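One structure is given here, and the rest of the page talks about it.
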Amino acid sequence: MASIKSEQAIADLLHNLQIDVTAAYRTQCTPEWRNLDHSPDYNKFYFILEGEGWVRVEEQTIHPRPGQLFFAPAYTNQGYSAVNDNAFLKYWCHFTTRAGAFDLFQWIGVPYCIDIHDKERVSRLFERLVEPQGSSALVTLIRQKSVMLEILATYLEHVPVQVLQHRSEEINRLNVIHDYVDKHLHLSISVDELASLLHLHPNYFIAYFKKRFGVSPHKYVNRKRAEKAKTLLMTTALSIKEISALTGFPDTNHFTKFFRKETGFSPTEFRGIYAS
11 MASIKSEQAI ADLLHNLQID VTAAYRTQCT PEWRNLDHSP DYNKFYFILE
61 GEGWVRVEEQ TIHPRPGQLF FAPAYTNQGY SAVNDNAFLK YWCHFTTRAG
111 AFDLFQWIGV PYCIDIHDKE RVSRLFERLV EPQGSSALVT LIRQKSVMLE
161 ILATYLEHVP VQVLQHRSEE INRLNVIHDY VDKHLHLSIS VDELASLLHL
211 HPNYFIAYFK KRFGVSPHKY VNRKRAEKAK TLLMTTALSI KEISALTGFP
261 DTNHFTKFFR KETGFSPTEF RGIYAS
């Protein structure tokens, strides 16, 4: 149950995930490739194609092999070096994954190096990341973000993910909010109520909440109302009036306006699209 609740809290954080690629290249390292002590404010991926070398994250030293994907999280002490003339040929990228005010990997812990079974697919992804195609800078940026998300998803689906120990208490507090909102969506939910759950002053709570979730408490509750409404429209035969009441809108017209603003469709239009 605790694991499921942690996943729910992380899922809430991911609603506002912002991913940015700051550098991506295919590089033949030289024997002089070396840095023994640095703490970057970005994450790294190395996809090793050929060669030898070592990398370090905190106290853990790893010798990635060709066909392995190495990950180093931001804000950790790192080092790396070639070991001979047969230095790494690798794809690499620097990126950030902001979830609220923190990077995603400041919340979760993952292994630093994994074997890649479908090496050709991952090579193609990195090739597209390094040389994104687009008819404009905007299209190129969108495609680069899309590829980076695919690489990240490929990595995460092959590794165990756990909430970092020093974040466990934080996640538990976020779960208190998550559970309360889920159980009271049919009622009016005030900032004062939510703040009292964590024994915080309402003004401080708003800043605290926005820093963690990346949105205000009001927007978070509205998002949860819209999610529940969409689920009920897709999976039940309840009337619009009944769904309106279950998501905290005694007035159906108010609910319809809210739902259109959140989704671009009226409740009836949304149900019709899903049904078709």
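The working numbering applies: residue 11 is where the sequence shown begins, and numbers increase by one. Cβ coordinates follow ideal geometry from the N, Cα and C atoms, glycine included. As the structure is a prediction and not an experimental result, all values here were calculated from the model.
Contacts around residue i, its chain only, beta-carbon distance under 8 angstroms, and the 5 residues preceding and following it disregarded
i           : result
residue 174 : 116, 117, 118, 119
residue 18  : 185, 188
residue 273 : 236, 240, 280
residue 44  : 90, 91, 92
Beta-carbon contacts of residue i that lie in its chain and below 6 angstroms, excluding the five residues immediately before and after
i           : result
residue 212 : 201, 202, 205
residue 129 : 77
residue 108 : 28
residue 219 : 227
Where residue i sits in the DSSP three-state scheme
i           : result
residue 75  : coil
residue 90  : strand
residue 62  : strand
residue 47  : strand
residue 213 : helix
residue 104 : strand
residue 32  : strand
residue 282 : helix
residue 246 : coil
residue 70  : strand
residue 225 : coil
residue 126 : coil
residue 265 : helix
residue 172 : strand
residue 96  : coil
residue 27  : strand
residue 82  : strand
residue 259 : coil
residue 150 : helix
residue 56  : strand
Buried/exposed call for residue i, threshold 16 Cβ in 10 Å
i           : result
residue 53  : buried
residue 285 : exposed
residue 149 : exposed
residue 254 : buried
residue 234 : buried
residue 154 : buried
residue 131 : exposed
residue 88  : buried
residue 214 : exposed
residue 277 : buried
residue 139 : buried
residue 158 : buried
residue 46  : exposed
CB of residue i within 9 angstroms of CB of residue j, strictly
i           : j           : result
residue 168 : residue 124 : yes
residue 101 : residue 137 : yes
residue 198 : residue 258 : yes
residue 195 : residue 231 : yes
residue 165 : residue 105 : no
residue 23  : residue 268 : no
residue 114 : residue 59  : no
residue 135 : residue 161 : yes
residue 35  : residue 103 : yes
residue 37  : residue 67  : no
Residues near residue i by beta carbon distance below 7 angstroms, same chain, minus five either side
i           : result
residue 171 : 118, 120
residue 71  : 64
residue 110 : 23, 26, 221, 222, 223, 224
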